[in-house]
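Peer 1: One structure follows; several queries about it will come next.
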Amino acid sequence: MIKTRARSVKAAAIVAIGFLMVGMSATGASAHDRHDGNNAPATTWPSSSSSPSSSSSSSYTEVQWAINIPSSKSIGSSSIWPQKLATSSTCGVWLQVDRYTNGPALDKLLATGVLLGSYQDSFLLDNSHPFSSTGQPWEYIKAPDCVTVTTVTPAAVTVAPKCGANNDTVNIPTTTGVTYATVGWKNNSITITASANSGYKLTGTTSWTFTDAATSCSTTVTPDRVTVAPACGPNNDTVTIPTKTGVWYSTTGWHSNSVTITAHANAGYTLTGTTSWTFTDDATACSTTVTPAAVTVAPKCGANNDTVNIPTKTGVNYTSTGWHSNSITITAHANAGYTLTGTTSWTFTDAATACAVTVTPPPVTVVPTCGPNNDTVTIPTKTGVWYSTTGWKNNSITITAHANAGYTLTGTTSWTFTDAATSCSTTVTPPPVTVVPTCGPNNDTVTIPSATGVWYSTTGWHSNSITLTAHADAGYTLTGTTSWTFTDDAIACPTTVVTVTPDPVTVAPACGPDNDTVTIPTTTGVSYTSTGWHSNSITITANANAGYTLTGTTSWTFTDAATACPVTAVAALVVDPPLCGPDNDVINIPTTTGVTYSDTGWVSGSRTITAHAASGYTLTGTSSWTFNDAATVCPVVTPEPPTVVAQCLPNNDTVTIPTTTGVTYSDTGWSGGTRTITAAAASGYTLTGTSTWTFTDVPSVGCPPITVFSGPDLAFTGTPDYTGGLVALAIFLIASGAVLAVRKVRA
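If you're matching positions, the sequence shown starts at 5 in the numbering used here and goes up one per residue.
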């Protein structure tokens, strides 16, 4: 029979974490298995044939006992008693971890904080051994050495949204004495926990949990519906695959009278709505054989952007996969009543020609300038544009804008002007024609004056009347009276008349149209009239004065030699300083009276400007200028390299892409553990140095290790050996403020 005597122990409120394990051997040996004093491993009770109780792991509490052995796990038969609850000030010694069943007895034990052995006047009583109640082993642990502890507040962890699932950027700070740990994003959540390093203890917030924003990294697009139309022949119905930005389609092809077309998202896009269509072929019988016309492709700048020319052919329809990864396939299908022969599928690779910079040419302007083919044309200067001109011809001129290499034009690119043909003439007032009576009918003497820029025409005397009209020479304009009409006095002539031979009129060439020099002589009894130059012709007529009669030649007509006037073309010049880039220097083409210019434009670094004489002019001096482009190198820039910071989880390292003037960066993003950043020169710049960087993700960096605890062979707690009786200690959970009752058991 077992008797008990209780002894009250004053309660003390102590909170501890640990386990107390009490066991009993199957043979009735000591409930404490002892070490041999030489650090041999403790014996674990019960034996392998014993079975733990079915108690849930949630029904026990761990307790750490501070034992009287400062430097070893070796336990003597009685040296461990009494045992006291370990506290934060218990350091540098071994602690025994036991596990107790929750209940009032444990509450009292914790309140007392002391466990007495069988050699004391009282000790803990329980109806079963600890392992039988909890099924949990026990172990020894070494308390850390006592050091000076510094209190530190962990710097807060922050998060910044980043597109993608479980991909927001977590910024973990650095704080002396603090270690941060995280298992990374999982199910759109992440928790970062701060723990104190040795010699430190924490205050303030020590754990931060964030929910991932799960921002989409792509544009959502709904694929256009695929349609089918019957076409003769098995597996031959016509499938129409639409074109949709951000979408490409794959097809299984007709097989066993069925075809499936599936829509896929291009990079940067996400699909929504229906993405797959399956059709059954009508298997209509065909009759006419037709060869599909070939599909062709023409380069067009941009990625996946070459122009595909799909022909029209009776009995044939075409389907397209659309451009994807620089490739497109066009397939010919037979319409109902037709069968195909020859090539029925064409696959092309996109040329991926870089698109040029688009520029609008500034307009050419014209200002009237006197003279034929002489209006002033102003050709502007614009980066990426050069102009050619036909020069003035037949009162018309055309100026055309052309794109330099790397540029393409938009807007108006050609201007045609008509010369205003404003007169360059000098205004002159014709001196009046006078008449002096001369005997004889229709014979009064008419005196035609001489004036620069004026010539006169005459009707001659007729029916006692004559009209003289003044006309302007080229380059002159008349003002005042320009026509005079006279009536002959019809004075009777004396009977004596003098016969005279007019001296001949002569002409000498002078450059310019209607401009040869006419010399009219002076002859007694003779007056001369002139029609003046007109349409490259002039007529001088000799007339007898009163009392005279003429003999010999009385009229002279001359044709103008139209000798060309010499003109020296003003030279074309290249603008200084030259513009950077190939075939890009600017040339100023002058305007010169009597000269037109032609322009070859830049071709392989060379450009020729040629001067031509306008009608009525001849060139002197240099008439052609050839320029070589300076091909000045555009500013050279060295791209700044991107940087990478390792983060926990795969494909999650943080890459920082810099900003560099004159440089654009492209990014493949993380894929299969690698990521490539490529630098390219902006317009007007040239790169030097490294321009491509490839990073490999380090998924394990920064992830906290996962520790799996395995209990060693541990010592039991309980009473020493004695014959005929076994004593078991109960398992109690840790609680604060309870009173522990300790009983002594005697047989």
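Glycine residues also receive a C-beta, built at the ideal position from the N, C-alpha and C atoms.
(1) What three-state label does DSSP hand Pro108 in the structure shown?
(2) Pick from Asn377, Thr385 and Thr357: whose alpha carbon is nearest that of Pro366?
(3) Who are the near neighbours of Leu653 in its chain, counting only those whose CB is closer than 8 Å to its CB and skipping five residues on each side?
(4) Could you tell me which uninterrupted beta strand (DSSP E) segments, each at least 3 residues in length, are contained entirely in the region 381 to 448, listed from first to last along the chain?
(5) As a quick exercise: from Val156, Thr155, Ser193 and Val649, pick the residue whose alpha carbon is nearest that of Pro165.
(6) Looking only at DSSP bridge pairs, what is Leu623 linked to?
(7) Provide the residue span of the beta strand (DSSP E) that contains Ala512, from first to last.
(8) Who are the near neighbours of Val205 in its chain, counting only those whose CB is closer than 6 Å to its CB and skipping five residues on each side?
(9) Buried or exposed for Ala474, going by 16 or more other Cβ atoms inside 10 Å?
(10) When DSSP builds the beta bridges, which residues end up paired with Gln651?
(11) Between Val578 and the rest of its own chain, which residues show a CB-CB distance below 6 Å, the 5 nearest in sequence each way excluded?
(12) Is DSSP giving Thr116 helix, strand or coil here?
(13) At 3 residues or longer, and completely inside the region 474 to 553: list those beta strand (DSSP E) runs for me, N to C.
(14) Decide yes or no for the touch test of the region 297 to 313 against the region 324 to 344: beta carbon pairs closer than 8 Å, at least 3 of them.
(15) What are the start and end residues of the beta strand (DSSP E) that includes Thr668?
(16) Excluding the 5 residues flanking Tyr480 on each side, which residues of the same chain have their C-beta closer than 6 Å to its C-beta?
(17) Go through its chain and collect everything with a Cβ distance to Val509's Cβ below 6 Å, but skip five positions before and after it.
(18) Report, in whole angstroms, the separation of the C-beta atoms of Trp69 and Leu99, which I expect to be a contact under 8 Å.
(19) Can Thr244 and Ala235 be called in contact, C-beta distance under 8 Å?
(20) Taking DSSP as the reference, what is the three-state secondary structure of Arg229?
(21) Within its chain, find whatever has a CB closer than 6 Å to the CB of Thr179; leave out the 5 residues flanking it on each side and keep chain order.
(22) What's the gap between the Cα of Trp419 and the Cα of Ser610?
(23) Starting from the Cα of Ser627, find the closest Cα among Thr700, Ala576 and Pro436 and give me that residue.
(24) Of the residues Ala340, Thr563 and Val263, which one's Cα is nearest the Cα of Ser291?
(25) Near Val649, what residues of its chain come up, given a Cβ to Cβ distance below 6 Å and the 5 sequence neighbours on each side ignored?
(26) Please confirm whether Val440 and Thr422 have their CB atoms less than 8 Å apart.
(27) Grab the span of the beta strand (DSSP E) containing Tyr322 for me, first residue to last.
(28) Work out the CA separation of Asn519 and Ala478 for me, nearest whole Å.
(29) By alpha-carbon positions, which one of Thr284, Thr282 and Thr266 ends up nearest to Thr276?
(30) Between the C-alpha atoms of Pro436 and Ala550, what's the straight-line distance to the nearest angstrom?
(31) Out of curiosity, what's the CA-to-CA distance linking Asp286 and Leu344?
(32) My output table needs one value for Leu344: the three-state DSSP class, helix, strand or coil.
(33) State the DSSP-derived secondary structure class of Val590, mapped to helix, strand or coil.
(34) With which residues is Leu577 paired in a DSSP beta bridge?
(35) Pairing CB atoms from the region 607 to 624 with CB atoms from the region 662 to 671, are three or more of them under 8 Å?
(36) Please classify Pro45: is it buried, with 16 or more other beta-carbons within 10 angstroms of its beta-carbon, or exposed?
Peer 2: Considering the structure as presented:
(1) Shown here, Pro108 sits in a helix according to DSSP, grouped into three states.
(2) Thr385
(3) Cβ-Cβ distances below 8 Å link Leu653 to Asn170, Gly188, Trp189, Pro703 and Cys707 in the same chain, with the five nearest sequence neighbours on each side left out; the list follows chain order.
(4) 389 to 393, 400 to 407, 411 to 413, 418 to 422, 430 to 432 and 438 to 440
(5) Ser193
(6) Val571
(7) Where Ala512 is concerned, the enclosing beta strand (DSSP E) stretches over Thr510 to Ala512.
(8) First, the residue type needs correcting, since residue 205 is Lys and not Val in the sequence shown. Around Lys205: Val153 and Thr155.
(9) buried
(10) DSSP output for Gln651 lists no bridge partner at all.
(11) Asp589, Ile591 and Phe631
(12) helix
(13) 480 to 482, 487 to 491, 502 to 504, 510 to 512, 521 to 523, 530 to 534 and 541 to 548
(14) yes
(15) Val667 to Asp671
(16) Ser429, Thr430, Val432 and Gly457
(17) Ile524, Ile544 and Trp560
(18) 7 Å
(19) In this structure, Thr244 lies away from Ala235, with their beta-carbon atoms at least 8 Å apart.
(20) coil
(21) Cβ neighbours of Thr179 beyond the five flanking positions: Pro158 and Ala159.
(22) 25 Å
(23) Ala576
(24) Ala340
(25) Thr658
(26) no
(27) Val320 to Ser324
(28) 9 Å
(29) Thr266
(30) 21 Å
(31) 17 Å
(32) strand
(33) For Val590, the three-state secondary structure derived from DSSP is coil.
(34) Asn592.
(35) no
(36) At Pro45 the pLDDT is 31, less than 50, meaning the model places this residue with poor confidence and gives no usable figure here.
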